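Counting from 241, one number per residue, gives the positions in the sequence shown under UniProt numbering. Worksheet for the structure shown next.
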Amino acid sequence: VTAEKNGFDHFMLKEIHEQPKAYRDTIRGRVDESGRKVVLKDLNLTEDRIKQIQNVHIVACGTAYHAGLVGGTVIEQLVRVPVYNDVASEYRYRSPLITPETLVIVVSQSGETADTLAALREAKSNGAHVLAVTNVVGSSIARDADDVLVTLAGPEIAVASTKAYSSQLIAFYLLGLYLAQVRGTQSEDQVAHMISAIQALPEQVESMLENSDAIKAYAEQISHNQHLFFIGRGLDYAVAQEGSLKLKEISYIHSEAYAAGELKHGTLALIEDGIPVIALATQDSVLEKTVSNIKEVKARGADVMVITHEEHVASLLKSVDQAFAIPKTLPLFTPALSVVPLQLLSYYASLALGHDVDKPRNLAKSVTVE
Ligand code: G6P
């Protein structure tokens, strides 16, 4: 077993460290030689049909749902088409408004999740084109979908998903750019600029993985708490939800992810002395807004850790207790970086508490029954 773990203590840590490779493998062959165009050769979705898309539904469970939240924002921003995200167990029973002009994207690491498969069938029977983002080529979901965009993360063993999630983000970036190219919603130069930012992500993840001591120390510190909060706006909120889920899954610490601006509508009542709040502040367009939310929780005694870009660390340290810097990328792509410290946080918190990191209680890697 040690050999399979490649010298890592757990599959989860190994898989966290495999992310640069997973990103590279997922990008490879999907950018043309000039580096200016995304090519998704195998898609059955024709250019005509892409031009006819009126709305996009993104449906999944668990961590894959969280990847879909990022994907939804990416597609909405790049393609300017309305996107609707849902968890598969809700979607399948609500008679969703699906037409042949709906593109339904199902996201599933295993390709075997029962609710996601049922959602796919519901969408198909209503005439939608269904595209599956999955890590397993021969899976039930891959077989039933009209199109498959494979993530090349390699087998994921740990129950808590890491490299599958982040590779799903890469798949959404490429898909978003491809749809934008076909519909002409981004210029060639903009697409080229974004492609080069995506290509830089693997190395940026490597640099973060080389500096994980501070996050380990912070994880040990918060592992003694029973409750904590994650806050953020926009894509930071989407990543906060994934960070919170990861922590719950393997450390059993209760946490909630909140849209930072929504705090004052209830959750602020729970903030008291010493409660850890992890704030994601990577989106420059809403940075000032997030900072004012950070000040609100600070004023009520919270112990705030912020994840942001290097350039904001010095000024943010005036309002927070600790800061972790992530490398600079374009706003849409920060989730592929900011999730890494959150993965390490939950890993080291679980480890500090002596839990079975790779096999958390009550959870299964793949949920093939409803
Ligand atoms: C289970 C796993 C999660 C996963 C979810 C969806 O709950 O424990 O890690 O996110 O299923 O799985 P899928 O294979 O469809 O991505």
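Where is the CB? At the ideal position from N, CA and C, for every residue including glycine. Bear in mind the structure is a predicted one, so any value in this text is a computation, not a measurement.
Which ranges would you report for the alpha helix (DSSP H) in the UniProt domain "SIS" (458-600) if only whole runs of at least 4 residues count? Annotation: the UniProt domain "SIS" (458-600) contains the following complete segments of the alpha helix (DSSP H) (minimum length 4 residues), in chain order: 475-491, 527-539, 550-556 and 575-592.
For glutamine 444, I'd like the list of residues in its chain whose CB is within less than 7 Å of its CB, leaving aside the five on either flank, ordered along the chain. The answer, listed in chain order, is Pro567, Thr569 and Leu577.
Taking the alpha carbon of alanine 300 as the point to measure from, which residue in Ala372, Ile256 and Val321 has its own alpha carbon closest? The option with the nearest alpha carbon to alanine 300 is Ala372.
Take glutamate 550 and list the residues in its own chain whose beta-carbon comes closer than 6 Å to its own, dropping the five residues that flank it on each side. Same-chain partners within the cutoff: Ala565.
Does the distance between the C-beta of serine 350 and the nearest non-hydrogen atom of the ligand G6P fall short of 8 Å? Yes, the Cβ of serine 350 comes within 8 Å of a heavy atom of the ligand G6P.
Please check the pair glycine 311 and isoleucine 345, which I expect to be a contact at CB under 8 Å, by giving their CB distance rounded to whole angstroms. With a Cβ gap of about 7 Å, glycine 311 and isoleucine 345 count as contacting.
Close-in-space but distant-in-sequence residues of the same chain around proline 600 (CB under 6 Å, 5 per side omitted): A distance below 6 Å between beta-carbons, with the five flanking residues on each side excluded, links proline 600 to the following residues of its chain, in chain order: Val399, Glu489 and Ile490.
Taking 8 Å as the cut-off, is the beta-carbon of threonine 425 closer than that to any non-hydrogen atom of the ligand G6P? For the ligand G6P, not one heavy atom lies less than 8 Å from the Cβ of threonine 425.
Between which two residues does the beta strand (DSSP E) harbouring serine 348 extend? Segment 342-348, the beta strand (DSSP E) holding serine 348.
Is the segment 267-274 close to the segment 446-456, with three or more CB pairs under 8 Å? Contact fails: fewer than three Cβ-Cβ distances are below 8 Å.
Compare the Cα-Cα distances from tyrosine 587 to each of Phe251, Pro322 and Lys535 and report the closest residue. With distances taken between Cα atoms, tyrosine 587 lies closest to Phe251.
Any heavy atom of the ligand G6P closer than 8 Å to the CB of glutamate 502? Flag unset: Cβ of glutamate 502 not near the ligand G6P.
Going by beta carbon distance, what residues of the same chain come within less than 8 Å of lysine 535, once the five residues before and after it are set aside? Closer than 8 Å at Cβ, skipping near neighbours: Ser559.
Would you kindly check if the distance between the Cβ of histidine 306 and the Cβ of valine 479 is under 9 Å? Yes, they are a contact pair.
Am I right that glycine 472 and alanine 519 are in contact with their C-beta atoms under 8 Å? What's the rounded C-beta distance? The C-beta distance from glycine 472 to alanine 519 rounds to 7 Å, short enough to fall under 8 Å.
Could you have a look at aspartate 386 and say whether DSSP puts it in helix, strand or coil? Of the three classes helix, strand and coil, the one that applies to aspartate 386 here is coil, per DSSP.
Relative to the C-alpha of alanine 454, which candidate in Ser365, Ile381 and Met545 has its C-alpha closest? Comparing Cα positions, the closest option is Met545.
Could you check if threonine 353 belongs to the surroundings of the ligand G6P, using beta carbon to heavy atom distance under 8 Å? Checking every heavy atom of the ligand G6P against the Cβ of threonine 353, one is found closer than 8 Å.
Give the DSSP-derived three-state secondary structure of tyrosine 324 in the structure shown. Strand at tyrosine 324.
Considering valine 373, what are the terminal residues of the beta strand (DSSP E) in which it resides? Start and end: 369-374.
If contact is defined by three or more beta carbon pairs under 8 Å, each pair taking one atom from either stretch, is the segment 354-362 in contact with the segment 388-405? The segment 388-405 is not in contact with the segment 354-362.
Would leucine 485 and leucine 585 be called neighbours here (beta carbons separated by less than 9 Å)? Not closer than 9 Å, so no.
Which listed residue (Gln349, Thr342 and Ala354) has its alpha carbon closest to that of alanine 328: Checking every option, the nearest Cα to that of alanine 328 belongs to Ala354.
Tell me which same chain residues have a C-beta within less than 6 Å of the C-beta of isoleucine 511, skipping the five on either side of it? Hits under 6 Å: Val537, Arg540 and Ala542.
For histidine 297, which beta-bridge partners are listed by DSSP? Answer is Tyr324 and Val344.
Just grab the DSSP bridge partners of valine 271 for me. Valine 271 pairs with Val278.
Could you give the distance in angstroms between the alpha-carbon of asparagine 284 and the alpha-carbon of valine 531? Distance between the alpha carbons of asparagine 284 and valine 531: 45 Å.
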